[in-house]
Ligand code: IMP
C-alpha cells in the first residue's frame, strides 16, 4: 500500500486485531465490573480502538477523549502538545486511558500529568499496540493488546502524515 512517498506492507490483519481487543475487553470486564469507570481515548489515533473495545465492555461506563500530538511524519518530535483537555469530573473514578499505540511513552506521561491532579480512584492504561524497546516513559501500559518491534505502522486509526487511518488492517513501513 502506497501512502504519499512511502510503501507499506501488511503487518496485522483485522482478525488478529479484533481478537486482541476481545481479550483486553474480557480482562477489563472482569477487573472493573461494578466500579465507576471512565475510559479516556487519546485522539486521533485511538478512535477505532476505542469504538471496538467499548462494543465489548459489558458494564455501564463513561467515555471521553483528549487530543495530543507529538508525531511529525514517521518520527516523534519529542514534545507533546495538548490540543483538547478533559472536562469530565474524575474524582473517585477509575480512569482507563485508551491509546492506539504506546511508543516512547511521552504522550502517556503528558496524559498522566493532565489527569493525576484530579485524584481519580485509580489510573491505568490500555493500548492496542506497545513497542517495549522504544519505551522510555514513567507509566508503562497495564493492558496491552499486541507487543510489536520498533516498526512504524499505519492503519486502523494510525496515520502517516494524517493519511492511512481508514483501514481494518495494520501495515508496516517496507
Ligand atoms: P509516544 O508518545 O511516543 O508513546 O507516541 C504515542 C503517539 O505517537 C501515538 O498515540 C501515535 O499517535 C503516535 N505513534 C507512535 N508510533 C506510531 C507508529 O508506529 N505509527 C503511527 N503513529 C505512531
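In the numbering used here, the protein residues as written are 542 to 715. No residue lacks a Cβ here, since even glycine has one placed at the ideal position from N, Cα and C. Everything numeric in this text was worked out from a predicted model, so none of it was measured.
query                                                                                                                                                                                            : result
Can you give me the start and stop residues for the beta strand (DSSP E) that residue 583 sits inside?                                                                                           : 578-584
By DSSP, does residue 567 sit in helix, in strand, or in coil?                                                                                                                                   : helix
Can you determine whether any heavy atom of the ligand IMP sits closer than 7 Å to the C-beta of residue 586, and answer yes or no?                                                              : yes
On a Cα-Cα basis, can you pick out the residue from 671, 582 and 547 that is closest to residue 609?                                                                                             : 582
Quick one: what's residue 547 bridged to in DSSP?                                                                                                                                                : 544
I need the straight-line Cα distance from residue 641 to residue 604, nearest angstrom please.                                                                                                   : 15 Å
How about the region 562-575 and the region 690-706: do they share at least three Cβ pairs that are nearer than 8 Å?                                                                             : no
Applying the 10 Å Cβ sphere with the 16-neighbour rule, what's the burial state of residue 591?                                                                                                  : buried
Identify, in the order they occur along the chain, each residue of the same chain with its Cβ nearer than 7 Å to the Cβ of residue 597, setting aside the five sequence neighbours on each side. : 562, 563 and 566
Using alpha carbons as the reference points, say which of 548, 665, 556 and 606 lies closest to residue 710.                                                                                     : 556
Is the CB-CB distance between residue 606 and residue 578 below 8 Å?                                                                                                                             : no
Within this structure, are the beta carbons of residue 569 and residue 675 separated by less than 8 Å?                                                                                           : no
To which residues of the same chain is residue 700 closer than 6 Å at the C-beta, ignoring the five residues directly before and after it?                                                       : 706
Since residue 687 is in the beta strand (DSSP E), which residue starts that stretch and which ends it?                                                                                           : 684-688
In its own chain, which residues sit with a C-beta less than 6 Å from the C-beta of residue 593, not counting the 5 before and 5 after it?                                                       : 562
With which residues is residue 643 paired in a DSSP beta bridge?                                                                                                                                 : 671
For residue 550 and residue 543, I'd like the C-alpha separation in whole angstroms.                                                                                                             : 9 Å
Using the Cα positions of residue 718 and residue 673, report the straight-line distance between them to the nearest angstrom.                                                                   : Outside the displayed span of the chain (542 to 715) sits residue 718, for which this structure offers no information.
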